[in-house]
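Engineer: Position one of the sequence shown corresponds to residue 14 (my numbering), numbered consecutively onward.
Even glycine gets a Cβ: it sits at the ideal position worked out from N, Cα and C.
Submitted below is the structure of interest, expressed as C-alpha cells.
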Amino acid sequence: MKKLNPTFKFKNISLYLFIVFTAFVLIGCTGANQKSSEEFIGVSEKPDSVNIFNQKTASVLGEEKEEEIVEENQALTQELRVHFIDLGQADSVLIQQGNEFMLIDGGNNEDSELLVSYLKEQGVNHIKYLIATHPHEDHIGGLDAVINAFNIEKLIMPNITHNTRTFEDLLLAVQKKNLKITAPKVGDSYELGEGNWTILAPYPKEYEDLNNYSVVISYAYGSHTFLFTGDAEKEAEFDMLKENVANPEIFKADVLKVGHHGSSSSTSLEFLDAVSPSFAVISVGAQNDYNHPHEETIKRLQERNIEILRTDLNGNIIFFSDGKELTYITGKKADVTKKTTIDKLPERAIIISHLDKKEETVTVQNCSNQDLDLSDWYLLSVTGNQKFIFPDGYILKAASSVVIASGDSKGDLHWTAKNVWNNSKSDPAELYDNMGNLIYRWND
Ligand SMILES: [Zn+2]
Numbered sequence: 014m015k016k017l018n019p020t021f022k023f024k025n026i027s028l029y030l031f032i033v034f035t036a037f038v039l040i041g042c043t044g045a046n047q048k049s050s051e052e053f054i055g056v057s058e059k060p061d062s063v064n065i066f067n068q069k070t071a072s073v074l075g076e077e078k079e080e081e082i083v084e085e086n087q088a089l090t091q092e093l094r095v096h097f098i099d100l101g102q103a104d105s106v107l108i109q110q111g112n113e114f115m116l117i118d119g120g121n122n123e124d125s126e127l128l129v130s131y132l133k134e135q136g137v138n139h140i141k142y143l144i145a146t147h148p149h150e151d152h153i154g155g156l157d158a159v160i161n162a163f164n165i166e167k168l169i170m171p172n173i174t175h176n177t178r179t180f181e182d183l184l185l186a187v188q189k190k191n192l193k194i195t196a197p198k199v200g201d202s203y204e205l206g207e208g209n210w211t212i213l214a215p216y217p218k219e220y221e222d223l224n225n226y227s228v229v230i231s232y233a234y235g236s237h238t239f240l241f242t243g244d245a246e247k248e249a250e251f252d253m254l255k256e257n258v259a260n261p262e263i264f265k266a267d268v269l270k271v272g273h274h275g276s277s278s279s280t281s282l283e284f285l286d287a288v289s290p291s292f293a294v295i296s297v298g299a300q301n302d303y304n305h306p307h308e309e310t311i312k313r314l315q316e317r318n319i320e321i322l323r324t325d326l327n328g329n330i331i332f333f334s335d336g337k338e339l340t341y342i343t344g345k346k347a348d349v350t351k352k353t354t355i356d357k358l359p360e361r362a363i364i365i366s367h368l369d370k371k372e373e374t375v376t377v378q379n380c381s382n383q384d385l386d387l388s389d390w391y392l393l394s395v396t397g398n399q400k401f402i403f404p405d406g407y408i409l410k411a412a413s414s415v416v417i418a419s420g421d422s423k424g425d426l427h428w429t430a431k432n433v434w435n436n437s438k439s440d441p442a443e444l445y446d447n448m449g450n451l452i453y454r455w456n457d
C-alpha cells in the first residue's frame with residue numbers, strides 16, 4: 014500500500030489556481046528549517062484545459078461571460094459522492110447525487126449507531142434506493158436501524174431467506190414500515206440524480222453459497238462508472254461474463270468495489286479484466302478472522318497497476334465526480350461535512366514554524382492568505398504523547414502565527430500547566446487537521 018495515512022486530492026481547478034496565485038505568499042513559509050511531511054495534502058490531478066480556459070475568461074472578460082461561468086458552475090454543483098464507509102469487516106456504500114441518496118448494504122449489527130449517525134451527517138433523510146446485496150450479517154446488520162431512522166423509497170433484496178436473528182430483524186423493520194421488497198432483475202435500470210444504475214446480477218439460478226446471490230450494480234455518472242459487487246464470488250462472476258459475452262463492456266468501471274472483502278474466491282482474472290478499473294476499493298476490517306484481503310487478490314490488482322484503497326488502512330473512502338474529474342479523500346475521520354477547511358488548503362499553507370522545548374512553546378504559522386478555522390485541529394508531542402486540541406471556533410488569521418505555551422510559559426494559547434516536551438529525548442511535534450490528517454511534522 015502506498016498510502017497508509019489519510020490523503021486528500023484537490024477537487025477542482027479553482028483550487029489549482031488558488032495554489033498558483035498564492036504561491037508567492039508561501040515562499041516565506043517554505044524557508045522554515047523543517048520539511049513538510051510526506052503525508053501532506055497533495056495535488057494529484059491536473060485540471061482539464063477547458064476549465065482553465067473558463068477560469069481565465071472569467072477573470073479577463075466582462076459580466077456577460079461571467080454569467081456563463083456561473084451557469085456552468087451551477088451545473089457542476091450536482092456533484093457525485095460515493096462513500097465507502099469504514100465499518101470494519103463489513104460493507105456499506107452511500108451514493109449521493111445531487112440531493113438523492115442510495116445505500117448499498119449497512120454493515121454489522123454493532124455498526125447500526127455509527128452508520129445512522131454517518132448518514133445523518135451527510136444530510137440523509139430520504140433514501141431513494143436501499144439495496145441489501147445478500148442476507149449476511151456484515152451487509153444487512155445495520156439495515157433495520159437504517160429503515161427505522163430514514164424514509165425508504167425502494168428496497169431491493171435478492172429473493173432468498175436466511176435463518177438468522179439479523180435477517181428476521183430486517184424483515185420486522187420492513188414490515189413495521191410497510192415497505193415493499195423489490196427483487197432484483199438483471200437489466201433493470203434506475204435513475205439517481207443525474208446518473209443511473211443498472212442491475213447486473215444475480216441471474217435467476219440456484220447457488221450453494223449465499224454470496225453468489227449478491228445484487229451487483231453499476232452506477233454511471235458523466236464519464237465515470239462505479240461497480241459494486243457485494244460478496245459475489247467467481248461463480249457469479251463467470252455467470253455474469255457468460256451471459257454477456259457479446260457486450261462485456263457493461264462491466265467496465267473506473268472504481269470497483271472488490272467482491273467479498275478481497276477474498277481470493279472473488280475477483281477472477283477474467284472478471285477483473287472485463288471491469289478494468291483504475292481504483293479498487295476493499296471494504297475490510299483490520300486483522301479480521303478471514304485474513305481478508307487475500308494476497309492473491311492484492312497481487313492481481315497490483316499486477317494491473319490498479320490503485321488499491323482499503324477501509325482498514327484508509328478509513329472512510331469518499332470519491333467525488335463532477336462527471337469529468339474523479340477524485341477522492343480518505344481518512345479515519347474523513348467526512349465531507351468537515352472537509353471545507355482542508356479543501357481550500359494549498360501545500361504548506363500551515364506549518365509548525367518553531368518548537369522551543371526548553372521554553373515550552375510551539376509556534377504554528379498560517380502561511381496562506383486566508384484565515385483558517387482550526388476548530389478540532391490538534392498538536393501532538395510525539396514522544397510525550399500529549400495532545401493539544403485547538404478551541405472550537407479558533408481562527409488563525411492569514412499570514413500570522415500563534416504560540417501555544419505549556420508549563421509556566423506565556424503564549425497566545427495555553428496547553429497545560431505541566432511541562433509537555435521531553436528535553437532529554439527527541440520529541441517531534443505534529444500538527445493534525447480536524448479529520449485526523451497529519452499536516453506538518455517538526456522533526457526534533
Ligand atoms: Zn461480506
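Is the Cβ-Cβ distance between V268 and L339 less than 9 angstroms?
Structural biologist: Against a cut-off of 9 angstroms, the Cβ pair of L339 and V268 comes out as a contact.
Engineer: Can N224 be considered in contact with ligand 1, in the sense that its beta carbon sits closer than 8 angstroms to one or more heavy atoms?
Structural biologist: Within the cutoff, so yes.
Engineer: What does the alpha-carbon distance come out to for the pair Y391 and I263?
Structural biologist: Computed Cα separation, rounded: 46 angstroms.
Engineer: Comparing alpha-carbon positions, which option in Q109, G101, Q91 and Q102 lies nearest I331?
Structural biologist: Among Q109, G101, Q91 and Q102, the Cα nearest to that of I331 is on Q109.
Engineer: Does ligand 1 have a heavy atom nearer than 8 angstroms to the CB of D151?
Structural biologist: D151 Cβ: within cutoff of ligand 1.
Engineer: Could you pull the start and end residues of the alpha helix (DSSP H) that Y131 belongs to?
Structural biologist: It spans S125 to E134 - the alpha helix (DSSP H) in which Y131 sits, taken as one unbroken run.
Engineer: Please return the same chain residues whose Cβ sits closer than 6 angstroms to the Cβ of A299, not counting the five positions on each side in sequence.
Structural biologist: Within the same chain, A299 has close Cβ partners D325.
Engineer: Suppose the cutoff is 8 angstroms on Cβ atoms and the five residues either side in sequence are ignored; what does the same chain contact list for L74 look like?
Structural biologist: Low confidence applies to L74: its pLDDT is 34, below 50, so where it sits in the model is not reliable enough to give any reading.
Engineer: Count the other CB atoms within 10 Å of the CB of T174; is the residue buried (16 or more) or exposed (fewer)?
Structural biologist: Per the 10 Å Cβ criterion, exposed.
Engineer: Spell out the partners DSSP gives S334 in its beta bridges.
Structural biologist: In the DSSP output, where bridge partners are listed per residue, S334 has L93 and L339.
Engineer: D222 and E256: beta carbons closer than 9 angstroms?
Structural biologist: The answer is no: Cβ separation not under 9 angstroms.
Engineer: Tell me the start and end of each unbroken beta strand (DSSP E) in the stretch 233-265 that is at least 3 residues and wholly inside, in chain order.
Structural biologist: Here the runs fully enclosed are 237-241.
Engineer: Is G243 buried or exposed, if buried means 16 or more other CB atoms sit within 10 Å of its CB?
Structural biologist: With 16 or more Cβ atoms within 10 Å of its Cβ, G243 is classed as buried.
Engineer: According to the neighbour-count rule (16 or more other Cβ atoms, all chains shown, within 10 Å of its Cβ), is T280 buried or exposed?
Structural biologist: That one is buried.
Engineer: Please determine, among G449, Y131 and E92, the residue with the shortest C-alpha to C-alpha distance to V106.
Structural biologist: The candidate whose alpha carbon is nearest that of V106 is Y131.
Engineer: Would you say I169 and I140 are within 9 angstroms of each other, going by their C-beta atoms?
Structural biologist: It is not a contact, given that the beta carbons lie outside the stated cut-off.
Engineer: Just to confirm the assignment: which complete alpha helix (DSSP H) runs, minimum length 4, are found wholly within the stretch 174-221?
Structural biologist: DSSP runs (the alpha helix (DSSP H)) wholly in the stretch 174-221: 178-189.
Engineer: Identify the continuous alpha helix (DSSP H) that holds F284 and give its terminal residues.
Structural biologist: That run of the alpha helix (DSSP H) goes L282 to V288.
Engineer: Excluding sequence positions up to five away, which residues of its chain have a Cβ less than 6 angstroms from the Cβ of Q399?
Structural biologist: Result list for Q399: V433, in chain order.
Engineer: Quick one: grab the DSSP three-state call for E360.
Structural biologist: E360: coil per DSSP, three-state reduction.
Engineer: Measure the alpha-carbon distance for S231 versus D457 and round it to whole angstroms.
Structural biologist: Near 50 angstroms, if we compare the C-alpha coordinates of D457 and S231.
Engineer: So is the beta-carbon of A411 under 8 angstroms away from any non-hydrogen atom of ligand 2?
Structural biologist: Ligand 2 is absent from the structure shown, which contains only ligand 1.
Engineer: Can you round the beta-carbon distance between G120 and D151 to whole angstroms, since I take them to be within the 8 angstroms contact cut?
Structural biologist: Right, the Cβ-Cβ distance comes to about 7 angstroms (below 8 angstroms), so this counts as a contact.
Engineer: Please confirm whether L100 and G155 have their CB atoms less than 9 angstroms apart.
Structural biologist: Contact flag set, yes.
Engineer: Alpha carbon to alpha carbon, how far is N164 from A196? Give it in angstroms, no decimals.
Structural biologist: Rounded to whole angstroms, A196 to N164 spans 19 angstroms at the Cα level.
Engineer: Using 8 angstroms for Cβ pairs, my map puts E360 next to G420. What's the rounded Cβ distance?
Structural biologist: Rounded, the Cβ-Cβ distance is 33 angstroms, inconsistent with contact.
Engineer: Let me check understanding here. Comparing Cα to Cα, which of L285, I365 and H274 lies closest to L322?
Structural biologist: That would be H274, whose Cα lies nearest to the Cα of L322.
Engineer: On the criterion of 16 or more Cβ atoms from any shown chain inside 10 Å, does E316 qualify as buried, or is it exposed?
Structural biologist: Exposed, since its Cβ has fewer than 16 Cβ neighbours within 10 Å.
Engineer: Rounded to whole angstroms, what is the Cα-Cα separation between K167 and L192?
Structural biologist: Cα to Cα, the separation comes out at about 8 angstroms.
Engineer: Sort E134, G235, Y216 and I144 by Cα distance to D335 and report the nearest one.
Structural biologist: Measuring from the Cα of D335, the nearest candidate turns out to be G235.
Engineer: Taking the straight line between their C-alpha atoms, what separation do you get for P217 and V137?
Structural biologist: If you take the alpha carbons of P217 and V137, they lie about 33 angstroms apart.
Engineer: With a CB to CB cut of under 7 angstroms and the five nearest residues on each side skipped, what residues in its chain are close to T429?
Structural biologist: If we look at T429 and ignore the five residues flanking it on each side, its Cβ neighbours are S419.
Engineer: Just the Cα atoms here: how many angstroms apart are D286 and H305?
Structural biologist: The alpha-carbon atoms of D286 and H305 are separated by roughly 21 angstroms.
Engineer: Tell me whether S394 is buried or exposed, calling it buried when 16 or more other Cβ atoms sit within 10 Å of its Cβ.
Structural biologist: With 16 or more Cβ atoms within 10 Å of its Cβ, S394 is classed as buried.
Engineer: Helix, strand or coil, according to DSSP, for V433 in the structure here?
Structural biologist: Correct three-state label for V433: coil.
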